[in-house]
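Asks:
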Amino acid sequence: MSESVLNSNDRTFKYSATNGIQHEEPLLFEHAHEAPESIHLPGVEGDIPDALAVFSRKIPANIPGLSEPETVRHFVRLSQWNHGIETGFYPLGSCTMKYNPRVNETVARLPGLAHIHPDQPEDTVQGALELLYEVQEWLGEISGLPHVTLQPAAGAHGELAGLMMIRACLDARGEAERRTVLVPDSAHGTNPASAALCGMHTVELKSGADGRIDLDVLKANLNDGTAALMMTNPNTAGAFETDIKEICQLVHDAGGLVYGDGANLNALVGLARPGDMGIDCLHINVHKTFATPHGGGGPGAGPVAVNDTLAAFLPVPRIVKESDNYRLDSTSDASIGSILSTIGQSGVYMRANAYISAFGRQSLHKIAEDAVLNANYILHRLKDVYHVPFEGVCKHECLLTDEIQNKHGVKTLDIAKRLIDLGFHPMTVYFPLIVHGAMLIEPTETESRETLDSFCDAMLEIAAQCEAGNTDALHEAPVKPFRRRLDETQAARKPVLVWPQ
Amino acid sequence: MRFLPHTDSDRTAMLETMGLSHIDALFADIPDEFHLQRGQLDMAEALSEAGIVRKFTKASEKNRNATNTRYFLGGGTYNHFVPAVVDYVVSRGEFLTAYTPYQPEISQGTLQALFEFQTMISRLTGMDVSNASMYEAGTATAEAALMARRVSRKKRVVIAGSVNPRYRSVTTNYLSRLDGECVEVDMGCFGTDLDRVIDAIDGQTACVIVQYPDFYGSVYDLAPLREACDANRCLMVVAFSDVSAFALIESPGAMGADIAVGSGQSLGIPMAFGGPHLGLFTCKQKYLRQMPGRVCGLTKDADGKRGFVLTLSTREQHIRREKATSNICTNQGLMCTAAATYMTLMGDAGLATVARHSAVALQSLVSQLPAHVTAIDGAHYNETILSFDDHVARQRFLGAAQANDIFAGIPLEQLDSSAENRHLLVTTTEMIEEADINDYLVALEVAK
Chain A
-12 MSESVLNSND RTFKYSATNG IQHEEPLLFE HAHEAPESIH LPGVEGDIPD
38 ALAVFSRKIP ANIPGLSEPE TVRHFVRLSQ WNHGIETGFY PLGSCTMKYN
88 PRVNETVARL PGLAHIHPDQ PEDTVQGALE LLYEVQEWLG EISGLPHVTL
138 QPAAGAHGEL AGLMMIRACL DARGEAERRT VLVPDSAHGT NPASAALCGM
188 HTVELKSGAD GRIDLDVLKA NLNDGTAALM MTNPNTAGAF ETDIKEICQL
238 VHDAGGLVYG DGANLNALVG LARPGDMGID CLHINVHKTF ATPHGGGGPG
288 AGPVAVNDTL AAFLPVPRIV KESDNYRLDS TSDASIGSIL STIGQSGVYM
338 RANAYISAFG RQSLHKIAED AVLNANYILH RLKDVYHVPF EGVCKHECLL
388 TDEIQNKHGV KTLDIAKRLI DLGFHPMTVY FPLIVHGAML IEPTETESRE
438 TLDSFCDAML EIAAQCEAGN TDALHEAPVK PFRRRLDETQ AARKPVLVWP
488 Q
Chain B
85 MRFLPHTDSD RTAMLETMGL SHIDALFADI PDEFHLQRGQ LDMAEALSEA
135 GIVRKFTKAS EKNRNATNTR YFLGGGTYNH FVPAVVDYVV SRGEFLTAYT
185 PYQPEISQGT LQALFEFQTM ISRLTGMDVS NASMYEAGTA TAEAALMARR
235 VSRKKRVVIA GSVNPRYRSV TTNYLSRLDG ECVEVDMGCF GTDLDRVIDA
285 IDGQTACVIV QYPDFYGSVY DLAPLREACD ANRCLMVVAF SDVSAFALIE
335 SPGAMGADIA VGSGQSLGIP MAFGGPHLGL FTCKQKYLRQ MPGRVCGLTK
385 DADGKRGFVL TLSTREQHIR REKATSNICT NQGLMCTAAA TYMTLMGDAG
435 LATVARHSAV ALQSLVSQLP AHVTAIDGAH YNETILSFDD HVARQRFLGA
485 AQANDIFAGI PLEQLDSSAE NRHLLVTTTE MIEEADINDY LVALEVAK
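Same order as they appear, the protein sequences are chains A and B.
The numbers in the numbering used here rise by one with no breaks, and the one at position 370 of the first sequence is 357.
To convert a position in the second sequence, counted from 1, into the numbering used here, add 84.
1. What does the Cβ neighbour count give for residue -12 of chain A, buried or exposed, with the cut at 16 atoms within 10 Å?
2. Could you check whether the Cβ of residue 135 of chain A sits closer than 8 Å to any Cβ belonging to chain B?
3. So what's residue 101 of chain B in DSSP terms, helix, strand or just coil?
4. In this structure, how does DSSP classify residue 37 of chain A when only helix, strand and coil are distinguished?
5. In this structure, does DSSP put residue 295 of chain B in helix, strand or coil?
6. Grouping DSSP H, G and I as helix and E and B as strand, with all else coil, what is residue 417 of chain A?
7. Going by DSSP, what residues sit across from residue 308 of chain A in a beta bridge?
8. Is there a Cβ from chain B that is less than 8 Å from the Cβ of residue 123 of chain A?
9. Would residue 426 of chain A pass as an interface residue toward chain B - the criterion being a Cβ-Cβ separation below 8 Å?
10. Output the distance between the C-alpha atoms of residue 486 of chain B and residue 481 of chain A, rounded to the nearest integer angstrom.
11. Any C-beta of chain B within less than 9 Å: which residues of the region 428 to 446 of chain A qualify?
12. Determine the closest residue to residue 267 of chain B out of B/297, B/229, B/301, B/276, with distance taken between C-alpha atoms.
13. Report the three-state DSSP secondary structure of residue 385 of chain B (helix, strand or coil).
14. With a 10 Å radius around its C-beta and 16 neighbouring C-beta atoms as the bar for buried, classify residue 356 of chain A as buried or exposed.
15. Run through DSSP, which three-state label would residue 491 of chain B get?
16. Exposed or buried, which one is residue 240 of chain A when buried takes at least 16 other CB atoms within 10 Å?
17. Just the Cα atoms here: how many angstroms apart are residue 196 of chain B and residue 8 of chain A?
18. Which residues mark the beginning and the end of the alpha helix (DSSP H) in which residue 94 of chain A is found?
19. Please list, in chain order, all residues of the same chain as residue 384 of chain A whose beta carbon is under 7 Å from its beta carbon, the five residues on each side excluded.
20. Are any of the Cβ atoms in chain B nearer than 8 Å to that of residue 117 of chain A?
21. Who are the Cβ neighbours of residue 480 of chain B in its own chain at under 8 Å, not counting the five residues just before and after it?
22. Report the residues of the region 67 to 88 of chain A with a CB closer than 7 Å to any CB of chain B, ordered along the chain.
23. Which chain B residues are close to residue 241 of chain A, counting only those with a beta carbon under 8 Å from its beta carbon?
24. If contact means a Cβ-Cβ distance below 7 Å, which residues of the region 438 to 461 of chain B contact chain A?
25. Check whether the Cβ atoms of residue 269 of chain A and residue 242 of chain A sit closer than 8 Å, and answer yes or no.
26. Near residue 389 of chain B, which residues of its chain fall below 6 Å by C-beta distance, leaving aside the five closest residues on each side in sequence?
27. Closest to residue 483 of chain A by CA distance: which of B/131, B/469, B/372, B/523 is it?
28. Under a Cβ-count criterion, where at least 16 other Cβ atoms within 10 Å of its own Cβ denotes burial, should residue 1 of chain A be classed as buried or exposed?
29. Give a yes or no on whether 8 Å exceeds the smallest Cβ distance from residue 483 of chain A to chain B.
30. Would you kindly report the start and end of the unbroken beta strand (DSSP E) that includes residue 169 of chain A?
31. What separation, rounded to the nearest whole angstrom, lies between the Cα atoms of residue 508 of chain B and residue 303 of chain A?
32. Could you tell me whether the region 454 to 468 of chain A touches the region 394 to 410 of chain A, using the rule of 3 or more Cβ pairs below 8 Å?
33. Using a Cβ-Cβ cut-off of 7 Å (strictly less than) and excluding sequence neighbours within five positions of residue 236 of chain A, which residues of its own chain qualify?
34. Give me whichever residues DSSP pairs with residue 394 of chain B in a beta bridge.
35. For residue 370 of chain A, count neighbouring Cβ atoms within 10 angstroms of its own Cβ and tell me buried if that reaches 16, exposed if not.
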């Protein structure tokens, strides 16, 4: 190989960028030929009974059907249009897109864990119950809230379960008039939606000048109607609520309870515990902190950990251990009942158990340390060219805005879309709502320094393009992927959600 | 630690870049009293990858499972065949490790799969539109009741006793903190008398929820109920637990459902001890804007090429907050991709075979029952109730069956605490062969 090839000033490898070999692929319904019956199925042959035949479906559903090789190629081509954490950096703030270990996928698929029925005899599923019980106990230890339910299927479902418990607790105290949930204006949208579903109403707390809960605003809103404060700590501006102890004390003194949104637990895991700070109830997004894959939108799991105050109200069934035996217990007078038809997203918890097992007692805190180190490193590298709305160190995510680039007519959306051309998934945009043009960046602990530097270089390059007035490419972006900016207005105005027959 | 790329010198260099000498400086905003001693939590020691595999294999081997036992278990979770291709597709990192497709330019794979999923689910259920999933059937049923209240601007909800007790329990639980009555109609033991449900409907009723095929596997015409709903301007919600039925029998849409909800676990998703499964949610087009959850829609990109986006997000919590149609955010997205792959492999013909084999296996079993065991009358898809003389006889049979590697059914009182303890909910799928039925019948002899 010649020297000139080795030293070419080729920028090809600076960012991974996208020059893929993506194929266009029609919808299933557009594949032209009639479907063969390609799959050979087991079972009992014969005619259905006359009594059932009366109800026979008259017009087939018209599910197209492809042969196996065509099916594989169809979905593999679709997959190649996706960015995933295995493809590249995914710095979505408040989403904790970390690497999902492959061994977790392997063990979750073991036949004794994947192919078991939730209603088979308990003595035939002791191994599964043991793993679930173990992760249940670990989540209690990690959160500092020892009583845990694995039933909630996702974070928002956990919020609902937690608020149901809080409501039941207040009712048991004879304080059924307490129905107001205080929610900072930086909260996730699920918080007020969950409160509404629980028959409560929300009052929004305006954040202070530092992006944190303003104690005076909190005090002014606490009263005899207060059921709970729902807070995220660290909050969605990436800042730790330094007054956490006083906040919890104020709410408790006013007769309310404190709900913790555990979406941001990755900043604290192994280093500090919400339960020690005065939080009464916390949901944990295991698909964030404990590395279970997001799957393009789910499944997740939203277990809820509570202190002694709320323990009696946990949903049923509960997974309990009696000597060396595990069983599901549905007896509880004070329980809020069940909020799911099964015991929970067991397969998700198998992966979470494997993840925690890999770190163990010795190393769990390294998750939070590296996550916070990485976020601060990005903040440090970008703070001179992007507006930082709130001063100080951040936790596992950092918040920037487009204020400086806006002077050149460039918005957060343009920056996000330009990142796509450079080979990165954009950060979370326009959230939290408390700053204009928010860019919330969460690198997680599983990114190398090389990747972080590459991302920061890309961000600096975009900022430099703005300063140079070279903004056309930013408004046009993305130009490289399989599709360019999509018309969301048209999609919503006349929604087409199914392919016509 | 193998998931963490930094060396200690990386960490030191990064801290130095920031002018810091120790990682603790980044946690100085957490009050001292809350700092844990590192490594002091009461948890297990770290395991190597080999150690993790060993631990899970050991736990897995303690469990009887569908690779070594014949499953006649249903009640909401079904042992249908899962083709290898389904698991392969959802194991691909591009599907598995992607986030919700909020950046559509680099998420078209997930989005097109969702659009195909929505289309096929709409067709299979005979409904106009489908969303891109709920958690599972119980919460989907609860969301259907909430949606019907919004659509009708009425608050009273009627639930038939023939709906899976767990779906009922979740639904009544969701509704119990909101204004408005929720009435559960007792239909008696395995009752199919829709008149009792019809009698419970009045002008204040927002919706009536029935299951089809019902919890006991019975299939019957819903036309009289549809008439009663029309007369009272009330929505008809049809729940289902094994969606494979609708490749064989008339769909909820054909039965007149306004909203149809249930489980899609049968579409290529393992039983997995209760989850992750797939909640299906479908409705008539005219109610679309009151539907909960994410939906994927067709559109064009800046070059005029066809593409897909998540749409109608003004219904959702991240825009509408406390006024959203639901609080759901993370859903069962990957399971939609699994179901889409499964349905593509099957097509109409394969789905019909699954359903026919499931129904024929039940018929074969029921038609050969000995005199001391009875099954309920009427049309059934793939589930029914077997009744024994008494509890002791049933337990004797369950033990004998299990000794011969058969899970023979779910004791009914395990699902419905009001049921007598001599009944068994028995279910068949295409995974049951003639030989399994013969062994089942042999075991039944001990119940005499």
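Glycine is no exception: its CB is placed at the ideal position from the N, C-alpha and C atoms.
Replies: Taking the geometry as given:
1. Only weak support exists for where residue -12 of chain A lies, its pLDDT of 45 falling under 50; the coordinates are left without a value.
2. No, residue 135 of chain A lies away from the interface with chain B (no Cβ there is under 8 Å from its Cβ).
3. In this structure, residue 101 of chain B counts as helix in the three-state DSSP scheme.
4. helix
5. strand
6. coil
7. A/313
8. no
9. no
10. 55 Å
11. 432, 433, 434, 435, 436, 437, 438, 439
12. B/229
13. strand
14. buried
15. When secondary structure is reduced to three states using DSSP, residue 491 of chain B falls in the strand class.
16. Exposed is the call here.
17. 18 Å
18. 89 to 95
19. Correct list, in chain order: 80, 81, 225, 362, 427, 428, 429.
20. yes
21. Correct list, in chain order: 530, 531.
22. 67, 68, 69, 70, 71, 72, 73, 74, 77, 79, 82, 84, 86, 87, 88
23. Near residue 241 of chain A there are no residues of chain B at all, since even the closest Cβ is about 21 Å away, more than 8 Å.
24. Across the region 438 to 461 of chain B, CB contacts with chain A closer than 7 Å involve 438, 440, 441, 443, 444, 445, 447, 448, in sequence order along the chain.
25. no
26. Nothing listed; no residue qualifies.
27. B/372
28. Classification for residue 1 of chain A: exposed.
29. For residue 483 of chain A, the answer is yes, since a Cβ of chain B falls inside 8 Å of its Cβ.
30. Where residue 169 of chain A is concerned, the enclosing beta strand (DSSP E) stretches over 167 to 171.
31. Between residue 508 of chain B and residue 303 of chain A, the C-alpha separation is close to 23 Å.
32. The way I'd put it, the region 454 to 468 of chain A does touch the region 394 to 410 of chain A; three or more beta-carbon pairs between them come closer than 8 Å.
33. 265
34. B/380
35. exposed
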